[in-house]
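Here the structure comes first, spelled out in structure tokens, and everything after it is commentary.
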Amino acid sequence: MTFEIVTVPCLSDNYAYLVRANDRTALIDAPEAGPIADL
16 MTFEIVTVPC
26 LSDNYAYLVR
36 ANDRTALIDA
46 PEAGPIADL
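At position 2 of the sequence shown (counting the first as 1) the number is 17 in this note's numbering, and the numbers step up by one without a gap.
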């Protein structure tokens, strides 16, 4: 199984992480929705 990890900058000093594997995606530690919605 191959994983893809996408780091998304949020706020001024924080990050969210998208982890993708096969046909599933998990969002980890998102402090705000705006940057995620912009993807």
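Glycine residues also receive a C-beta, built at the ideal position from the N, C-alpha and C atoms.
heavy atom of the ligand PLP below 7 Å from residue i C-beta
i: Gly49; result: You won't find the ligand PLP in this model; it holds no ligand whatsoever.
Run of the beta strand (DSSP E) containing residue i, from where it starts to where it stops
i: Pro7; result: Any answer about residue 7 is impossible in this case: the structure gives the chain only from 16 up to 54.
i: Ala45; result: Looking at the DSSP string, Ala45 is not in any beta strand (DSSP E), and its letter there is neither H nor E.
i: Asn29; result: Asn29 to Ala36
Spatially closest choice to residue i from the options, by CA coordinates
i: Arg35; options: Glu19, Ala52 and Ile43; result: Glu19
i: Met92; options: Arg39, Ala45 and Pro46; result: Any property of residue 92 remains undetermined from this structure, which presents the chain solely from 16 to 54.
i: Ser27; options: Ala52, Ala45 and Leu54; result: Ala45
Classification of residue i by the beta-carbon crowding that lies within 10 angstroms, buried from 16 upward
i: Ala31; result: buried
Start and end residues, alpha helix (DSSP H) containing residue i
i: Ala52; result: Gly49 to Ala52
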